[in-house]
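Q: Below you'll find the structure I mean.
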Amino acid sequence: MKDCILHQEWEEIHQISRNKGRSASASKLVECLYRSDKEYWPKTFQNALYEAKHKTLGELWDLKADDNADVEMENEDESSGVFQMQISEEAESDNLCGSSSSASDTFQQTRYVLRKARSYQIELAEPALNGKHTMICAPTGSGKTFVSIMICEHHLRNRPAGQTGKVVFLATKVPVYEQQKKVFQDYFKTDYHIDGICGENASSTCADIVIQNNDIIVMTPQTLLNSLNNNGTIISLSTFTLMIFDECHNTTGNNPYNMLMFKYLDLKLKQGAHLLPQIVGLTASPGIGSARNVGETIDYICNICASLNIEVISTVRKNVKDLEEIVHKPEKIIRFVGTRPQNRFVDIVSQMMSKAEDLARQFHPIDGLSVMKNQCYGTQKYEQWIVDVQTKAVVLQLTNKEEESRVCRALFICTQHLRKYNDALIINEDARTKDALDYLKDYFEDIKNGNFDDIEQQLASNFEVNLLELTAASEDESNENPKLEDIKEILGEAYHVNPETRTILFVKTRALLAALKNWIEETPELQFLKPQALMGRGKRSHYTGMTLPNQKGTLDAFKINRDSKLLIVTSVADEGIDIVQCNLVLLYEYTGNVIKMIQVRGRGRAKDSKCILVTSKKEQEEKERYNLEKEKMMNKAIEEVQSWDEKMFAKKINELQKQQIKILDSKKKTTVAKPWKDNRVLLCGKCKTKACSTEDLRVIEESHYTALGEKFKTRYTTKPHKAPEDYGNFKKKSKLHCISCDYDWGIIVKYKGFEDMPLIKIERFSVQDVVSNKQFRFRKWKDVDFAVKDFDFEELPY
């Protein structure tokens with residue numbers, strides 16, 4: 001049983017037994033078991049009852065074999081609104097061990113004891129159960145997904161005679177989509193047909209068929225938006241009877257959620273709402289935008305409600321005590337820590353950066369491309385300056401084209417080195433000097449394996465000359481990072497008080513994540529933590545990042561393996577992803593807006609948990625304190641809106657919706673179709689070598705761009721891809737590089753049986769008008785000012 005309950009919970013149960021007796025401690029035991037994240041706890045508990053010779057209690061636990069047992073929800077009493085859940089367990093297949101048992105013997109399904117919905121969950125669901133368009137606002141860990149399942153079940157089982165329901169559950173991130181799809185399938189797999197579509201499988205899946213053939217469809221919003229925009233689709237918003245928006249606070253600006261709801265509101269105001277689906281939004285916090293007072297916060301929240309067609313904001317008001325027993329708000333602590341008093345590593349790297357800038361100025365006056373008032377190495381501000389210089393250099397034009405190519409190539413190399421130096425200084429500020437130096441060593445090793453020209457040789461020589469002194473600085477024990485010492489102190493104290501502590505550590509970047517993981521694993525006092533790391537997927541063209549299976553494997557390992565006591569994460573864990581209960585949340589120089597603060601804090605769900613911000617920056621400390629005040633302002637605004645008369649709120653929402661539609665209509669009128677421009681060429685963004693003409697470009701499946709023609713094939717070379725994988729109809733094979741300067745242009749894929757299909761990234765090119773000779777740079781394909789023809793298999797040579 002000890003595997004099912006935390007150490008501190010066992011101590012609490014024993015304390016209650018001593019003070020209040022066995023009956024009270026038994027109640028506490030069952031309460032802790034219900035909160036357990038171990039799926040096997042009911043069977044373990046039943047076995048424990050039998051071992052303790054409580055046969056009658058074991059039978060009352062009612063763990064009967066039932067071939068039809070699956071997860072389902074039943075309405076026990078329509079008038080009471082109480083829901084019960086039945087959870088099934090599948091025994092492991094003997095076939096996994098090579099047994100020859102029959103299929104009928106392989107799986108045994110058993111039905112667990114019924115679990116009632118908690119009073120606060122019923123309160124949250126009540127408006128939606130009554131058919132209202134509802135925004136459900138409740139803390140992380142309160143079971144909002146469970147509430148959405150209750151609403152789905154009620155909605156599908158209580159349709160008017162002759163009508164069937166169809167539910168779409170929308171999740172903003174692919175990992176969350178995968179997680180929620182599995183939750184719905186586990187709960188409803190025998191009662192309802194459930195499937196999902198997301199960007200990963202959308203191209204190989206017919207959305208119309210999936211939506212038509214299922215009762216509950218889990219999707220990413222962009223996938224649904226693409227389906228609705230498809231001219232050949234028979235799907236419309238009126239196909240659904242219920243739409244659930246997970247993390248609905250994202251319904252702003254150009255977010256796909258907002259684009260979907262624009263379509264919804266357009267239909268509502270022009271055709272009426274009687275055929276449109278019910279809307280339910282889920283969020284831990286609607287946020288406040290840029291509001292400065294309660295009045296502006298009310299306006300912001302009302303605008304989100306108008307975008308979602310909300311009639312009621314549902315929060316826990318009657319059953320707060322029940323909520324607080326389950327969701328424990330962690331104690332918030334801000335620790336301000338100083339930086340290193342002196343740092344020889346920073347001095348040396350800064351000198352190298354100054355020399356790299358001087359080298360760039362020998363080719364072109366870079367200060368004229370972008371002005372930086374104060375030199376600030378090792379900051380985000382300096383990185384923005386580098387990006388601005390690189391952007392301007394891509395479209396820099398000189399009379400002599402050979403000179404233009406030479407200058408642009410030189411500026412690119414110099415600024416790329418400056419960027420890596422800047423990254424190293426940022427790593428050094430938050431991690432060990434050793435980690436920052438290793439980062440630079442890896443970079444110079446990589447470029448040596450590429451096209452190593454004279455400029456890179458100069459820059460590399462400068463690094464080699466200073467390497468011994470840099471190494472000495474990294475080994476200087478008096479140069480330890482005070483922030484790391486503080487992290488070590490926090491962790492040491494936490495695990496001394498409670499050896500069963502589980503910690504989640506939030507960091508800003510993947511580079512810092514890797515550095516901190518190495519530091520913990522190489523620090524004798526912290527090695528027992530055996531840290532796991534979780535990061536986002538990254539761009540398909542990049543080597544860094546984690547695949548979805550790797551993310552899931554990491555989360556599962558952290559849940560199951562009690563030896564791993566710490567999980568280091570980037571922003572991928574901010575919202576949506578289910579992470580095991582932690583009683584210590586560390587934010588290492590990690591702050592954001594009020595929504596991020598509430599979501600991150602909610603990761604500390606265990607009793608007596610703490611959320612600690614460690615920072616050396618006064619502005620970070622002030623921002624977090626300001627966020628706490630913003631949270632109070634947001635809660636006050638929600639209470640004010642909830643106090644309004646129903647008609648008053650409906651009137652406000654209707655007025656805002658009319659304004660939103662006017663703005664949308666005006667945008668539609670100003671939208672002009674992109675013209676065909678065959679008089680343009682793509683030039684390499686580094687050396688200005690011609691790559692192809694816009695006439696050669698084709699778009700595949702609406703978002704992937706290729707270039708046709710034999711000439712294009714002579715202008716690039718390929719290298720093995722370090723992270724080949726499949727996505728949709730595409731199989732990554734290799735990297736695509738400029739044959740002249742080795743600049744990364746994109747990837748080579750296999751597409752539907754066609755080998756070696758190049759897919760290029762527009763941000764890696766300059767687009768030149770052959771008539772005016774003017775050059776343009778576009779960050780994304782959607783930003784280009786010319787139309788691209790659709791890909792046609794007939795154009796390919798066989």
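At position 345 of the sequence shown (counting the first as 1) the number is 345 in UniProt numbering, and the numbers step up by one without a gap. By construction, the Cβ of each residue, glycine as well, lies at the ideal position given by its N, Cα and C atoms.
Ignoring anything shorter than 3 residues, give me the beta strand (DSSP E) runs that lie fully in the stretch 586-656, in order along the chain.
A: With a minimum length of 3 residues, the continuous beta strand (DSSP E) runs that stay inside the stretch 586-656 are 610-615.
Q: Less than 7 Å between the beta carbons of phenylalanine 786 and lysine 674, yes or no?
A: For the purposes of this step, residue 786 is taken as residue 786 along the sequence shown, with counting starting at 1. For the purposes of this step, residue 674 is taken as residue 674 along the sequence shown, with counting starting at 1. Cβ atoms of phenylalanine 786 and lysine 674: closer than 7 Å.
Q: Which runs of the alpha helix (DSSP H) spanning at least 4 residues fall entirely within the stretch 141-208, listed in chain order?
A: Counting whole runs of 4 or more residues, the stretch 141-208 contains the alpha helix (DSSP H) stretches 144-157 and 174-188.
Q: Examine the Cβ distances between the stretch 616-629 and the stretch 280-289 and report whether three or more of them are shorter than 8 Å.
A: Touching, no, given that fewer than three Cβ pairs across the two stretches are closer than 8 Å.
Q: Below 8 Å, how does it come out for the stretch 246-259 and the stretch 206-215: are there three or more Cβ pairs, yes or no?
A: They do not touch, by the three-pair rule.
Q: Tell me whether glutamate 464 sits in a helix, a strand or coil according to DSSP, three-state version.
A: Within the sequence shown, residue 464 is the residue found at index 464, counting from 1. In the structure shown, glutamate 464 sits in a helix (DSSP, three-state: H, G or I).
Q: Is it true that the CB of cysteine 692 sits closer than 7 Å to the CB of cysteine 741?
A: For the purposes of this step, residue 741 is identified with residue 741 of the sequence shown, where counting begins at 1. For the purposes of this step, residue 692 is identified with residue 692 of the sequence shown, where counting begins at 1. No. Outside cutoff.
Q: Determine contact between the stretch 544-555 and the stretch 461-476, defined as no fewer than three beta-carbon pairs at a distance below 8 Å.
A: As far as the Cβ criterion goes, the stretch 544-555 does not touch the stretch 461-476, which means the pair count is below three.
Q: Does DSSP classify threonine 570 as helix, strand or coil?
A: Here the question's residue 570 lines up with position 570 in the sequence shown. Three-state result, threonine 570: coil.
Q: Need the endpoints of the beta strand (DSSP E) that valine 749 sits in, please.
A: Taking the first residue of the sequence shown as position 1, residue 749 is located at position 749. Taken as a continuous stretch (DSSP letters only), the beta strand (DSSP E) holding valine 749 covers 744-751.
Q: Looking at C-beta atoms only, is the number of pairs between the stretch 732-746 and the stretch 635-654 that lie closer than 8 Å three or more?
A: Segments in contact, no.
Q: Drop a sphere of 10 angstroms on the beta-carbon of histidine 155, count the other beta-carbons inside from all chains shown, and report buried for 16 or more, exposed for fewer.
A: By 1-based counting over the sequence shown, the position of residue 155 is 155. Buried is the call here.
Q: Should the stretch 472-481 be regarded as contacting the stretch 335-348, the criterion being three or more beta carbon pairs within less than 8 Å?
A: Taking 8 Å as the limit for Cβ pairs, the verdict is that the stretch 335-348 does touch the stretch 472-481.
Q: Tell me which residues share the same chain as lysine 181 and place their Cβ nearer than 6 Å to its Cβ, disregarding the 5 neighbours each side in the sequence.
A: By 1-based counting over the sequence shown, the position of residue 181 is 181. So the qualifying residues of the chain are Gly196 and Val218.
Q: Could you check which residue in Pro365, Leu237 and Gln362 has the C-alpha nearest to that of lysine 268?
A: Locating residue 268 in the sequence shown gives position 268, counting from the first residue. Minimum Cα distance to lysine 268 is reached at Leu237.
Q: Quick check on aspartate 785: does DSSP put it in helix, strand or coil?
A: Here residue 785 corresponds to residue number 785 of the sequence shown, with the count starting at 1. The answer is coil: DSSP assigns aspartate 785 none of H, G, I, E or B.
Q: Can you give the Cα-Cα distance for proline 330 and aspartate 608, rounded to whole angstroms?
A: Residue 330 sits at position 330 when you count from the first residue of the sequence shown. Residue 608 sits at position 608 when you count from the first residue of the sequence shown. Between proline 330 and aspartate 608, the C-alpha separation is close to 7 Å.
Q: Taking methionine 535 as part of the alpha helix (DSSP H), name the residues at either end of that continuous run.
A: For the purposes of this step, residue 535 is identified with residue 535 of the sequence shown, where counting begins at 1. First-last for methionine 535: undefined, no H or E at that position.
Q: Please state whether DSSP places lysine 732 in a helix, a strand or coil.
A: The residue you call residue 732 lines up with position 732 of the sequence shown. It is a strand residue.
Q: Whole angstroms are fine: how far does the CA of aspartate 186 sit from the CA of asparagine 95?
A: Along the sequence shown, read from residue 1 onward, the residue named residue 95 stands at position 95. Along the sequence shown, read from residue 1 onward, the residue named residue 186 stands at position 186. Low confidence applies here, because asparagine 95 scores a pLDDT of 32, under 50, leaving its location unreliable; read the following figure in that light. Distance between the alpha carbons of asparagine 95 and aspartate 186: 22 Å.
Q: Any idea if glutamate 311 is buried or exposed, counting beta-carbon neighbours within 10 angstroms, 16 or more meaning buried?
A: Start at 1 with the first residue of the sequence shown, and residue 311 comes out as number 311. Looking at its Cβ environment, which holds 16 or more other Cβ atoms inside 10 Å, glutamate 311 is buried.
Q: For phenylalanine 452, is the classification buried or exposed, using 16 other Cβ atoms within 10 angstroms of its Cβ as the cut-off for buried?
A: Counting from one through the sequence shown, the residue named residue 452 turns up at place 452. Burial call: exposed.
Q: With distances taken between CB atoms, is the gap from valine 572 to methionine 633 smaller than 7 Å?
A: Taking the sequence shown and counting its residues from 1, the one referred to as residue 572 is at position 572. Taking the sequence shown and counting its residues from 1, the one referred to as residue 633 is at position 633. The answer is no: Cβ separation not under 7 Å.
Q: Could you pull out every residue in the same chain whose Cβ sits closer than 8 Å to the Cβ of glutamate 92, ignoring the five residues on either side in sequence?
A: Start at 1 with the first residue of the sequence shown, and residue 92 comes out as number 92. Annotation note: pLDDT 30 at glutamate 92 (below 50); position unreliable, coordinate value reported separately. Correct list: empty, nothing qualifies.
Q: Hey, could you find the ends of the alpha helix (DSSP H) histidine 496 is sitting in?
A: Along the sequence shown, read from residue 1 onward, the residue named residue 496 stands at position 496. Where histidine 496 is concerned, the enclosing alpha helix (DSSP H) stretches over 482-497.
Q: I'd like to know whether the C-beta atoms of aspartate 563 and lysine 530 end up nearer to each other than 7 Å.
A: Position 563 of the sequence shown, counted from the first residue, corresponds to residue 563. Position 530 of the sequence shown, counted from the first residue, corresponds to residue 530. A contact, by the Cβ cut-off of 7 Å.
Q: Would you list the residues sitting across from valine 280 in a DSSP beta bridge?
A: Along the sequence shown, read from residue 1 onward, the residue named residue 280 stands at position 280. Looking at the DSSP assignment, valine 280 forms a beta bridge with Thr134 and Ile244.
Q: Nearest chain C C-beta to glutamate 485 closer than 7 Å, yes or no?
A: Included in the structure is just one protein chain, with no chain C present.
Q: Please report the Cβ distance between arginine 118 and aspartate 322, rounded to the nearest whole angstrom; I am assuming they are in contact, meaning their Cβ atoms lie under 8 Å.
A: As a working mapping, residue 118 is identified with position 118 in the sequence shown. As a working mapping, residue 322 is identified with position 322 in the sequence shown. That belief holds up - the Cβ atoms of arginine 118 and aspartate 322 are roughly 6 Å apart, short of 8 Å.
Q: Under the rule that 16 or more other beta-carbon atoms within 10 Å means buried, what is leucine 333, buried or exposed?
A: In the sequence shown, counting from the first residue as 1, residue 333 sits at position 333. According to the sequence shown, residue 333 is isoleucine rather than leucine. Isoleucine 333 is exposed by the Cβ-count criterion.
Q: Quick one: any contact between the stretch 416-424 and the stretch 383-390, if contact means 3 or more CB pairs under 8 Å?
A: They touch, by the three-pair rule.
Q: Report the rounded CA-to-CA distance for leucine 587 versus arginine 510, giving the unit in angstroms.
A: Here residue 587 refers to the residue found at position 587 when the sequence shown is read from its first residue. Here residue 510 refers to the residue found at position 510 when the sequence shown is read from its first residue. Going from the Cα of leucine 587 to the Cα of arginine 510 covers about 15 Å.
Q: Cα separation between asparagine 303 and asparagine 130?
A: As a working mapping, residue 303 is identified with position 303 in the sequence shown. As a working mapping, residue 130 is identified with position 130 in the sequence shown. Taking the straight line from one Cα to the other gives about 23 Å.
Q: Taking the alpha carbon of lysine 559 as the reference point, which residue from Val594, Leu512, Ile504 and Leu526 has its own alpha carbon closest?
A: If you number the sequence shown from 1, residue 559 lands on position 559. Lysine 559 has its Cα closest to that of Ile504, out of Val594, Leu512, Ile504 and Leu526.
Q: Mind checking who cysteine 738 pairs with in its DSSP beta bridge?
A: Against the sequence shown, residue 738 aligns to sequence position 738. According to DSSP, which records beta bridges pairwise, cysteine 738 is partnered with Tyr716.
Q: Taking asparagine 230 as the reference, give the member of Ala207, Met243 and Arg409 with the closest Cα.
A: Position 230 of the sequence shown holds residue 230. Closest option to asparagine 230, Cα to Cα, is Ala207.
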